[in-house]
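Data block below; observations after.
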Amino acid sequence: MHRNILIEQIQQKGSYLCVGLDTDLSKIPKHLQGKPDAVVSFNKAIIDATKNFCVSYKINTAFYEAMGVKGWEAMEETVNYIPSTHLKIADAKRGDIGNTSSQYAKAFFETLKFDAITVAPYMGEDSIRPFLEYDNKWTIVLGLTSNKGSQDFEMLKVQNEMEEHLRSEYLYEKVLKTIAKWGTPNNLMFVVGATQATEFENIRNIIPEHFLLVPGVGFQGGSLEEVSKFAMNKDCGILVNASRAVIYAGDKENYAEEAQIIAEQYQVEMKRHLQNNG
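Residue numbers (the working numbering): 1299 to 1576.
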């Protein structure tokens, strides 16, 4: 999906909501559990109920891989069901030596027809380059995550030897600055957790034009208002992911209707923030 199409969808719907289809078989409504197509049926109902209020869907592949072959089949059927108007993200966090990353890229961009994939930057440029070689596909690099372990490496101080006067910077800052040079705002996004709101202003100084995928709103405690205030750019530039808060809004037979209500609530608030940003 081209950047212009994504921006157009955001403007038309007044939403930058990404619904996370992190479908856990043990958490879906009990009347679906035990059915051979439970995950796919659940996902299709959620998509039908929320597609008018979001612009993207993110599939955390771990929830599908854990089910073996049936999980991969469910993931493929789900991806194919998502409308082409919505950005389809594989939250796979891949990243390996070049020839292995090439196969990951082929798996998710060609075989499974995703528009975007999350990747880990630790192994450097040759592990990310194969994903960037695809036209109209997005590589979403882990930047500053919302988990407790982000303090272990991402917030470490390192020397910036490229500066005329040596100064220290956070490792995540170096990652953003370096990787931004490998691609463009048309094919690179970065993951920044919603609970890292204090860093958004700094992040926007480093990458003012790139889209940010922002998880952590809802159950993880991130504030949609703060994210919208500090992370938006002139094109909106953010996709805010909500998973459990939407897909598990209800646990009875009307679960899809409950999900729709929450998705619409997000959309209403997002539309207000977009109007304020304009």
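Think of the CB as a built atom: it goes at the ideal place given N, C-alpha and C, for glycine as much as any other residue.
Item to complete: Would you decide whether valine 1490 is buried or exposed? Buried here means 16 or more other CB atoms lie within 10 Å of its CB.
Response: Counting from 1 along the sequence shown, the entry for residue 1490 is found at position 192. Using a 10 angstroms sphere on the CB of valine 1490, the tally of other CB atoms reaches 16 or more, which defines it as buried.
Worksheet entry | the stretch 1433-1444 / the stretch 1473-1484 touching (three or more Cβ pairs under 8 angstroms) | As far as the Cβ criterion goes, the stretch 1433-1444 touches the stretch 1473-1484, which means the pair count is three or higher.
Worksheet item: Between which two residues does the alpha helix (DSSP H) containing glycine 1396 stretch?
Response: Position 98 of the sequence shown, counted from the start, is the residue given in the question as residue 1396. From DSSP, the alpha helix (DSSP H) with glycine 1396 extends over 1396-1403.
Worksheet item: DSSP puts glycine 1318 in a beta bridge; with which residues?
Response: Taking the first residue of the sequence shown as position 1, residue 1318 is located at position 20. Beta-bridge pairing links glycine 1318 to Lys1356.
Practice prompt. Check whether the stretch 1523-1543 touches the stretch 1508-1515, counting contact only when three or more Cβ pairs, one atom from each stretch, lie closer than 8 angstroms.
Written response: Yes, since at least three Cβ pairs between the stretch 1523-1543 and the stretch 1508-1515 fall closer than 8 angstroms, the two stretches touch.
Fill in: Same chain, Cβ closer than 7 angstroms to phenylalanine 1578, neighbours up to 5 away in sequence not counted
This structure cannot settle anything about residue 1578, because the visible part of the chain is limited to 1299 through 1576.
Discussion item. On a Cα-Cα basis, can you pick out the residue from Asp1549, Asp1335, Asp1394, Ile1395 that is closest to glutamate 1371?
Written reply: Taking the sequence shown and counting its residues from 1, the one referred to as residue 1371 is at position 73. Check the Cα spacing between glutamate 1371 and each of Asp1549, Asp1335, Asp1394, Ile1395: the tightest is with Asp1335.
Worksheet item: Could you give the distance in angstroms between the alpha-carbon of leucine 1315 and the alpha-carbon of leucine 1454?
Response: Counting from one through the sequence shown, the residue named residue 1315 turns up at place 17. Counting from one through the sequence shown, the residue named residue 1454 turns up at place 156. Each residue's alpha carbon lies about 31 angstroms from the other.
Discussion item. If you reduce the DSSP assignment to three classes, tell me which class phenylalanine 1361 lands in.
Written reply: Here residue 1361 is taken as the residue at index 63 of the sequence shown, counted from 1. Helix.
Worksheet item: Relative to the alpha-carbon of glutamate 1497, which residue among Tyr1470, Glu1523, Gly1481, Ala1554 has its alpha-carbon at the smallest distance?
Response: Translated into positions along the sequence shown, residue 1497 becomes position 199. Of the candidates Tyr1470, Glu1523, Gly1481, Ala1554, the residue whose Cα lies closest to the Cα of glutamate 1497 is Tyr1470.
Worksheet item: Grouping DSSP H, G and I as helix and E and B as strand, with all else coil, what is glycine 1441?
Response: What you label residue 1441 is simply residue 143 of the sequence shown in a count that begins at 1. Of the three classes helix, strand and coil, the one that applies to glycine 1441 here is strand, per DSSP.
Worksheet item: Since threonine 1409 is in the beta strand (DSSP E), which residue starts that stretch and which ends it?
Response: What you label residue 1409 is simply residue 111 of the sequence shown in a count that begins at 1. Where threonine 1409 is concerned, there is no enclosing beta strand (DSSP E), given that its DSSP letter is neither H nor E.
Discussion item. From the DSSP secondary-structure annotation, give me the bridge partner or partners of methionine 1487.
Written reply: Taking the sequence shown and counting its residues from 1, the one referred to as residue 1487 is at position 189. According to DSSP, methionine 1487 bridges with Ile1438, Phe1509.
Worksheet item: In terms of alpha-carbon separation, which member of Phe1488, Thr1493, Val1515 lies closest to isoleucine 1504?
Response: The sequence position of residue 1504 within the sequence shown is 206, counting from 1. Of the listed residues, the one whose Cα sits closest to isoleucine 1504 is Phe1488.
Worksheet item: Given 8 angstroms as the limit, is there contact between the stretch 1361-1376 and the stretch 1391-1398, that is, 3 or more CB pairs closer than that?
Response: Judged by pairs of C-beta atoms under 8 angstroms, the stretch 1361-1376 does not touch the stretch 1391-1398, as fewer than three such pairs exist.
Discussion item. Assuming contact is defined by CB atoms lying nearer than 7 angstroms, are serine 1313 and methionine 1568 in contact in what I supplied?
Written reply: Mapped onto the sequence shown, residue 1313 falls at position 15. Mapped onto the sequence shown, residue 1568 falls at position 270. Note that the C-beta distance between serine 1313 and methionine 1568 is below 7 angstroms.
Discussion item. Mapping the DSSP letters down to three states, classify isoleucine 1326 as helix, strand or coil.
Written reply: Here residue 1326 corresponds to residue number 28 of the sequence shown, with the count starting at 1. It is coil, neither helix nor strand.
Worksheet item: Can you tell me whether histidine 1571 is buried or exposed, with buried defined as 16 or more other CB within 10 angstroms of its CB?
Response: By 1-based counting over the sequence shown, the position of residue 1571 is 273. Counting Cβ neighbours within 10 Å, histidine 1571 comes out buried, since at least 16 surround it.
Worksheet item: Would the beta-carbon of proline 1428 fall within 7 angstroms of that of serine 1382?
Response: As a first step, residue 1428 must be located in the sequence shown, where it is residue number 130. As a first step, residue 1382 must be located in the sequence shown, where it is residue number 84. No, Cβ-Cβ distance for proline 1428 and serine 1382 is not below 7 angstroms.
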